[in-house]
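Residue numbers for the sequence shown follow our numbering, beginning at 364 and rising by one.
As structure tokens, the structure follows; a few thoughts come after it.
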Amino acid sequence: MSKKGCIYILTNPSFKDYVKIGYASDMERRLKELNRSECIPYAFRVYATYDVEEDLSDKKVHSIIDQLNPNLRAIDEFDGKPRVREFYEMTAEEAFGLLENIAAISGTKDRLHKYNPKGHEITDEERAEEASADRIERRSPFSFEKCHIGVGEELEFYKRPDIKAYVNDDRTIKFNGTVTSLSASAQMIANMDHPVQGTIYWYYKGRSLKEIRNDLEEKGEYK
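Set out below in structure tokens:
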């Protein structure tokens, strides 16, 4: 194979809830470009790469992920215009799972590489963990009651309106006659090896539970 570049997954202790996914023709050079900035306290590190034979644009890579779930992409607004980033709100394990599935389907597992942290990367992660524990209170579990969604209300799975569940109580749902959690059911349906954020995958009246919660929190009504 004539190696052209790679799809990469980067992590950064500064953005614990996000991963950066994109394409690079030269991974080492791309990493140096990102870590040259003085605007972030910790350096990016390569979590995994997937070798590709063609030159790809970041846009092409992102479109694949966005088709699977557009709610994962970090989007904000500046001067009244949306800014779409190449950061995704998911764990590194979840992101790796996507590449793992692509490699398995295409029979190219030999192109997939996962890297262990070393040296300053381990130290950075430890320091970030300590800082986070000191200043951030753990986010409370999802509550149907606080989202004003009553027992018995119907939920639909992302892009699978044929898959439904019903609110069982404040924290659990009933899926296929079994009481379970949002995360456990989503992980099973999505056939993922790693834990997933259930509120991203389950929808109520056309909106993800994550979106509903975030909107209520911004208004101070999630209580």
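Even glycine gets a Cβ: it sits at the ideal position worked out from N, Cα and C.
Here the structure is a predicted model, which is why all the values come from computation and not from measurement.
N- and C-terminal bounds of the beta strand (DSSP E) containing residue i
i: residue 408; result: 408-415
i: residue 525; result: 523-530
i: residue 519; result: 517-520
i: residue 384; result: 382-387
i: residue 370; result: 368-374
i: residue 509; result: Premise fails: residue 509 is in no beta strand (DSSP E) and is neither H nor E.
i: residue 481; result: No beta strand (DSSP E) holds residue 481; DSSP gives it neither H nor E.
i: residue 537; result: 536-538
Proximity winner among the options, relative to residue i (alpha-carbon distances)
i: residue 428; options: 509, 473 and 371; result: 371
i: residue 508; options: 569, 449 and 586; result: 586
i: residue 562; options: 375, 574 and 405; result: 574
i: residue 533; options: 383, 520, 554 and 511; result: 511
i: residue 518; options: 568, 554, 539 and 479; result: 568
i: residue 368; options: 379, 407, 540 and 385; result: 385
i: residue 388; options: 552, 416 and 540; result: 416
i: residue 544; options: 524, 405, 565 and 394; result: 565
i: residue 478; options: 555, 408, 553 and 392; result: 408
i: residue 470; options: 582, 546 and 413; result: 413
i: residue 520; options: 514, 513 and 537; result: 537
i: residue 503; options: 580, 522 and 450; result: 580
i: residue 529; options: 381, 516, 558 and 380; result: 516
i: residue 472; options: 380, 462 and 480; result: 462
Delimiting residues of the alpha helix (DSSP H) encompassing residue i
i: residue 564; result: 561-564
i: residue 398; result: 390-398
Cβ-Cβ separation, residue j to residue i (assumed contact under 8 Å), whole Å
i: residue 576; j: residue 505; result: 6 Å
i: residue 450; j: residue 383; result: 6 Å
i: residue 531; j: residue 514; result: 7 Å
i: residue 338; j: residue 460; result: This structure cannot speak to residue 338, because the chain is shown only from 364 to 586.
i: residue 476; j: residue 411; result: 6 Å
i: residue 558; j: residue 546; result: 6 Å
Beta-ladder partner(s) of residue i, from DSSP
i: residue 571; result: 566
i: residue 450; result: 383
i: residue 476; result: 412
i: residue 471; result: Note: residue 471 sits in no beta bridge, so no partner.
i: residue 542; result: 537
message: Assess contact between the segment 387-403 and the segment 450-469, defined as three or more Cβ pairs (one per stretch) separated by less than 8 Å. Is contact present?
response: no
query: On the three-pair Cβ rule with 8 Å, is the segment 451-464 touching the segment 374-382?
result: Touching, yes, given that three or more Cβ pairs across the two stretches are closer than 8 Å.
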